[in-house]
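A short write-up of the structure that comes next.
Chains as they are written, first to last, in our numbering: chain A, 8 to 159; chain B, 265 to 434.
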């Protein structure tokens with residue numbers, strides 16, 4: 008455990024999307040997040056563990072529901088009624104959320120994680136505070152790769 | 265609910281009463297697991313908080329429970345038992361009290377703060393040089409995270425370096 012005084016502040020400005028999966032609150036750049044789609048029925052399990060599907064034909068989506076540790080859940084939880092597609096490079100996956108909120112021209116104080124929590128390659132590098140809640144800063148690439156690592 | 269630790273919790277206690285003239289230093293004793301103790305320099309212990317709200321941070325080290333709010337800051341909350349054992353205890357008690365600690369990442373740097381789980385006893389004791397002993401052998405991390413070690417009622421109690429446990433994981 009090497010001491011590191013990098014708990015500095017920076018500003019995060021621009022357009023973001025706040026995504027909530029139960030107690031997990033994520034802040035992603037708006038360009039990483041596709042349009043939100045409300046779902047009326049619970050997605051169906053697939054042959055791939057922790058992966059669900061929703062819709063039919065051309066509208067078929069493969070969907071992941073995240074835990075508060077950002078792992079793909081084996082059972083689709085109640086309350087996840089919005090899905091969004093996350094895109095990074097050539098990877099693309101849909102995720103189910105309790106809440107999706109677009110934040111235009113937002114301006115946050117971005118706090119680096121304390122040194123004890125900084126792990127190279129980890130999906131979360133910083134956090135912001137919004138309306139008294141902690142929101143974790145990440146990217147679509149991190150969410151996809153971290154969640155995909157927990158799929159069968 | 266927060267208890268400031270400017271006063272000893274259970275009153276000063278000494279394990280060297282027979283050597284009454286020997287200089288003693290105050291230390292905060294933490295029972296981090298039933299029957300297992302560590303100590304911190306008294307000046308590094310800031311407060312005891314009851315059941316704080318903890319926000320999990322995906323990808324953080326396995327022994328880090330998350331971030332907890334304290335006096336306008338967000339502090340990392342570490343589980344020492346998991347850190348020292350290198351894996352989580354199956355029947356670990358739920359997060360109850362946590363001990364807020366201060367540290368400096370380097371001399372002259374501003375104080376920073378972190379917290380550790382305090383599931384059992386936390387109290388102030390006094391320690392004399394004659395109590396010095398070898399580190400326990402039940403974790404490879406003791407030499408890295410300890411400043412010293414003393415005997416307390418038959419237990420080897422490492423004195424932890426807060427700047428090491430709250431530094432970057434290696």
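Where is the CB? At the ideal position from N, CA and C, for every residue including glycine.
Cα-Cα separation between residue i and residue j, rounded to whole angstroms
i	j	result
residue 28(A)	residue 428(B)	34 Å
residue 140(A)	residue 75(A)	14 Å
residue 294(B)	residue 103(A)	42 Å
residue 119(A)	residue 111(A)	22 Å
residue 350(B)	residue 124(A)	16 Å
residue 361(B)	residue 398(B)	29 Å
residue 384(B)	residue 298(B)	7 Å
residue 154(A)	residue 109(A)	22 Å
residue 8(A)	residue 409(B)	In this prediction, residue 8(A) has a pLDDT of 46, which is less than 50 and means its spatial position is unreliable; nothing more can be read from the coordinates.
residue 373(B)	residue 367(B)	9 Å
Residue j beta carbon less than 7 Å from that of residue i
i	j	result
residue 364(B)	residue 379(B)	yes
residue 322(B)	residue 130(A)	yes
residue 291(B)	residue 306(B)	yes
residue 325(B)	residue 433(B)	yes
residue 50(A)	residue 61(A)	yes
Neighbour flag for residue i against chain B, beta carbons, 7 Å
i	result
residue 124(A)	yes
residue 151(A)	no
residue 141(A)	yes
residue 130(A)	yes
Residue i in three-state terms, based on DSSP
i	result
residue 46(A)	coil
residue 82(A)	coil
residue 18(A)	strand
residue 367(B)	strand
residue 153(A)	helix
residue 131(A)	coil
residue 138(A)	coil
residue 422(B)	strand
residue 58(A)	coil
Residues bridged to residue i (per DSSP)
i	result
residue 388(B)	292(B)
residue 309(B)	365(B)
residue 300(B)	297(B)
Closer than 7 Å to chain A by CB, residue i
i	result
residue 431(B)	yes
residue 328(B)	yes
residue 350(B)	no
residue 421(B)	no
residue 372(B)	no
residue 382(B)	no
residue 336(B)	no
residue 320(B)	yes
_Residues in the region 67–79 of chain A having any Cβ partner in chain C nearer than 7 Å_ = This model lacks chain C altogether, as its protein chains are A and B.
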